[in-house]
Every structure is written in C-alpha cells, then in structure tokens.
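**Q** Heads up: the sequence shown begins at 167 in my numbering, then just goes up one per residue. Submitted below is the structure of interest, expressed as structure tokens.
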Amino acid sequence: MGSADLEGWAEDFSYDYYRALIGAVRTNFELRTLSEYRPDRSPDEPVAFLRHDVDVCLERAVELAELEYELGVEATYMILPDSPLYDLEYERDLVHLIHEFGHEIALHCDLSGADPADPGGENGLVPAERRRIDAARRYLAELGIDPVASISFHRPSERVLRGPRMIDGMTNAYNPDLLAAYLSDSSGRWREGDPLESILERAGADRLQVLTHPVWWGERHAPPLERFAAVAAELDAIDTRTYEELVSIYPPYGERIDADRVLA
Numbered sequence: 167m168g169s170a171d172l173e174g175w176a177e178d179f180s181y182d183y184y185r186a187l188i189g190a191v192r193t194n195f196e197l198r199t200l201s202e203y204r205p206d207r208s209p210d211e212p213v214a215f216l217r218h219d220v221d222v223c224l225e226r227a228v229e230l231a232e233l234e235y236e237l238g239v240e241a242t243y244m245i246l247p248d249s250p251l252y253d254l255e256y257e258r259d260l261v262h263l264i265h266e267f268g269h270e271i272a273l274h275c276d277l278s279g280a281d282p283a284d285p286g287g288e289n290g291l292v293p294a295e296r297r298r299i300d301a302a303r304r305y306l307a308e309l310g311i312d313p314v315a316s317i318s319f320h321r322p323s324e325r326v327l328r329g330p331r332m333i334d335g336m337t338n339a340y341n342p343d344l345l346a347a348y349l350s351d352s353s354g355r356w357r358e359g360d361p362l363e364s365i366l367e368r369a370g371a372d373r374l375q376v377l378t379h380p381v382w383w384g385e386r387h388a389p390p391l392e393r394f395a396a397v398a399a400e401l402d403a404i405d406t407r408t409y410e411e412l413v414s415i416y417p418p419y420g421e422r423i424d425a426d427r428v429l430a
C-alpha cells in the first residue's frame, strides 16, 4: 500500500479538534470503556466506546489520556506487549499513569506469523494464536497490568475480523456488535470523512466504536507523514526491525524515509 492508497479525511489532528470530537460523541451517546460492553444492553440506551491502539509511542498516549481525564472521559488504551517501538517493561510507569487517569488498559495483540494451515480452534482462533494471546496477557500481568478485560488485534487478518463477542473472557473489539457503527483514524485518515459529521450520521446507532491512534494527534495539527516522521525521530534508535514496523504501520514513511538513511 502506497501513499496514493491512503484516502480519507486528514484535515485536523489537533487536540482542540479531538475535544470537539469527544463533545460530539457525548452529545449523542453515553461513553463506556470496552470492559463495560454488554451485548444485551437496551438499544434505547446508546453507548459509545473510545478505543486507542498504542502502536508507536506511549508518551503520546499519556498526553491523550490526560486530556480525556480533564474532560471527565474514560477510554480504553490497547497496549502492544511485544512492540519494537517502545519498551513496555522499561516504560510501565507510563501505562500505570494512563490507568491512574481512569482509563482501561487492554491488550493489543499481534497474531502475525501464526500458521494459517493450523486447524482452527475455539472461537475460530488457531492454537498458536491462542497461545500468543495467553502469553501476552500473562506478560501484562507480570508488569502489574491486571486484570485485562478487552482485546484488539494489531494488523488483524480478515479471518480474525468480526470474531466472537468475547475471547477468553475479554471483550473482542472486532466483534460484529462493535463494528456495526465504527470510525477509525487508521493510517492517519478517517475513511468515512470528517468524523464530526460521521458521528452525527450515526447518532441513531445503539453502539458506536471510535478508534484513534495517539501517534497522529498533537497540540497543533500536522499532516500525518510529518507527525509520524517526527515521532519516529524521537526513538532512541532505529534498527531493521524497528524500521520495518514503522513502514508496516504507515507505508508512506518508507517512501519518504529511505532505510539506508535511518539505519546508517
């Protein structure tokens, strides 16, 4: 996927705009964390779930968590235990700070590399995937992040999308109930257009999930490539694995920043 494939709305990723987005959600929905998801909730009580996949930078996640705390909002922060872009063991205090702001800490799990020929197990997950989920959950518990009540997947495959409502007692962010009305800023683009308008268009839904990635947001607006490159430049070091992860998350970074330059 190149930059030409990244279509959508990317006109404002400032914190002021995010505050307006929160206001639009609160006007039409009752906010809940994903751990509070209930499949039998009455459609007369519309709820919204704010989810953040922390793929790149815990520091940006803390900024967003504090902003939401000041607004009296609780969200769900998905943490990737084996991310090559941050050291969770070293930076665990940042995760605990997000929790102290009142937010849910949940599991963002990378299932890539599992053998697709492995026969599917319970809930459509192959045994290798279930083992990876269990190991990631145990690792979070070792860092004092426990219990973990919700899960999402890093770069999910089509097979994993629209899975069961619950996985090992955790709310699955990709279950059909939570994807029926769904907005996301993945790859620094809102594919549905201006999210303020999209939220209003979905005001009649009984559930809404809004996914954002802290890496795109800042005090002032910046274009996605500029923001992403700036955050990447703050990393202590970029090795081959780190560079490949950055490019997999945002392919235009690889078009703009040649590997020979960052790995030299």
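The beta-carbon is built from N, C-alpha and C at its ideal position, and this holds for glycine as well. Quantities reported herein were computed from a predicted structural model and do not represent experimental measurements.
#1: Anyone know if the C-beta pair for R373 and A339 falls short of 8 Å?
#2: Measuring alpha carbon to alpha carbon, tell me which of L391, A231, A369, E400 ends up nearest D219.
#3: Using only the alpha-carbon positions, how far apart do L200 and E255 sit?
#4: Within the same chain, show all residues whose beta-carbon is closer than 7 Å to that of C275, passing over the 5 residues directly before and after it, in chain order.
#5: Going by C-alpha to C-alpha distance, which of D178, V213, R304 sits closest to E240?
#6: Since V191 is in the alpha helix (DSSP H), which residue starts that stretch and which ends it?
#7: Give the C-beta separation of G384 and S208 to the nearest angstrom, bearing in mind that I take them to be a contact with Cβ-Cβ under 8 Å.
#8: Please determine, among P361, M244, L277, S350, the residue with the shortest C-alpha to C-alpha distance to I311.
#9: Is G384 helix, strand or coil when you go by DSSP?
#10: Per DSSP, what kind of secondary structure is Y379 in: helix, strand or coil?
#11: Is it right to say A227 is buried, meaning 16 or more other beta carbons lie within 10 angstroms of its own, or is it exposed?
#12: Please look up how many angstroms separate the CB atoms of E173 and R357, rounded, as I've assumed it's under 8 Å.
#13: According to DSSP, what are the bridge partners of S318?
#14: Any chance the stretch 413-424 sits against the stretch 384-398, with 3 or more Cβ pairs inside 8 Å?
#15: What did DSSP end up calling L254 once you bin it into helix, strand or coil?
#16: May I ask you to report which of helix, strand or coil DSSP gives D300?
#17: So the beta strand (DSSP E) A214 belongs to, where does it begin and stop?
#18: Considering only their Cβ atoms, is the gap separating V222 from V376 smaller than 8 Å?
#19: So is D210 buried or exposed if we call it buried at 16+ other beta carbons inside 10 Å?
#20: Within the present structure, is the beta-carbon of G370 separated from the nearest heavy atom of the ligand SAH by less than 7 Å?
#21: Since I415 is in the beta strand (DSSP E), which residue starts that stretch and which ends it?
#22: Grab me the residues of V428's own chain with a C-beta within less than 7 Å of its C-beta, minus the 5 sequence neighbours each way, in chain order.
#23: Run the CB neighbour count on L366, radius 10 Å, all protein chains shown included, and call it buried at 16 or more, exposed below.
#24: Check L197 in the structure and name its three-state DSSP category.
**A** Once the coordinates are examined:
#1: Sequence index remark: in the sequence shown, residue 373 carries index 207 (1-based). Sequence index remark: in the sequence shown, residue 339 carries index 173 (1-based). Not in contact: R373 and A339 (Cβ atoms no closer than 8 Å).
#2: Numbered from its first residue, the sequence shown carries residue 219 at position 53. When each option's Cα is compared against that of D219, the closest is A231.
#3: In the sequence shown, residue 200 corresponds to position 34, counting from 1. In the sequence shown, residue 255 corresponds to position 89, counting from 1. The straight-line gap from Cα to Cα measures roughly 24 Å.
#4: Taking the first residue of the sequence shown as 1, we reach residue 275 at position 109. Contacts found: R298, I299, A302, I317, F319, H320.
#5: Taking the sequence shown and counting its residues from 1, the one referred to as residue 240 is at position 74. Nearest option by C-alpha distance: V213.
#6: Stepping through the sequence shown from its first residue, residue 191 is reached at position 25. V191 -> alpha helix (DSSP H) spans 181-194.
#7: By 1-based counting over the sequence shown, the position of residue 384 is 218. By 1-based counting over the sequence shown, the position of residue 208 is 42. Not quite, the Cβ-Cβ distance comes to about 38 Å (not below 8 Å), so this is no contact.
#8: Sequence index remark: in the sequence shown, residue 311 carries index 145 (1-based). Nearest of P361, M244, L277, S350 to I311, Cα basis: M244.
#9: For the purposes of this step, residue 384 is taken as the residue at position 218 of the sequence shown. Of the three classes helix, strand and coil, the one that applies to G384 here is strand, per DSSP.
#10: Translated into the one-based positions of the sequence shown, residue 379 becomes position 213. Before going on, a small fix: residue 379 reads as His here, not Tyr. It is coil, neither helix nor strand.
#11: Counting from one through the sequence shown, the residue named residue 227 turns up at place 61. Buried, by the Cβ-count rule.
#12: Locating residue 173 in the sequence shown gives position 7, counting from the first residue. Locating residue 357 in the sequence shown gives position 191, counting from the first residue. Sure, about 7 Å apart at Cβ, within 8 Å.
#13: Here residue 318 refers to the residue found at position 152 when the sequence shown is read from its first residue. In DSSP, S318 forms a bridge with H274.
#14: Taking a cut-off of 8 Å on C-beta distances, the stretch 413-424 touches the stretch 384-398, as three or more cross pairs fall below it.
#15: Residue 254 sits at position 88 when you count from the first residue of the sequence shown. Here L254 sits in coil by DSSP.
#16: Walking along the sequence shown from the start, residue 300 turns up at place 134. Correct three-state label for D300: helix.
#17: Here residue 214 refers to the residue found at position 48 of the sequence shown. Per DSSP, the unbroken beta strand (DSSP E) holding A214 starts and ends at 213-220.
#18: Here residue 376 corresponds to residue number 210 of the sequence shown, with the count starting at 1. Here residue 222 corresponds to residue number 56 of the sequence shown, with the count starting at 1. No, Cβ-Cβ distance for V376 and V222 is not below 8 Å.
#19: Numbered from 1 along the sequence shown, position 44 holds the residue referred to as residue 210. Exposed, by the Cβ-count rule.
#20: No copy of the ligand SAH appears in this structure; indeed no ligand is present at all.
#21: Along the sequence shown, read from residue 1 onward, the residue named residue 415 stands at position 249. Counting along the chain, no beta strand (DSSP E) covers I415; the unbroken alpha helix (DSSP H) around it starts and ends at 406-415.
#22: On the sequence shown, residue 428 is found 262 positions in, with the first residue counted as 1. Only I404, Y409 meet the Cβ criterion.
#23: Taking the sequence shown and counting its residues from 1, one reaches residue 366 at position 200. Exposed is the call here.
#24: Walking along the sequence shown from the start, residue 197 turns up at place 31. Strand.
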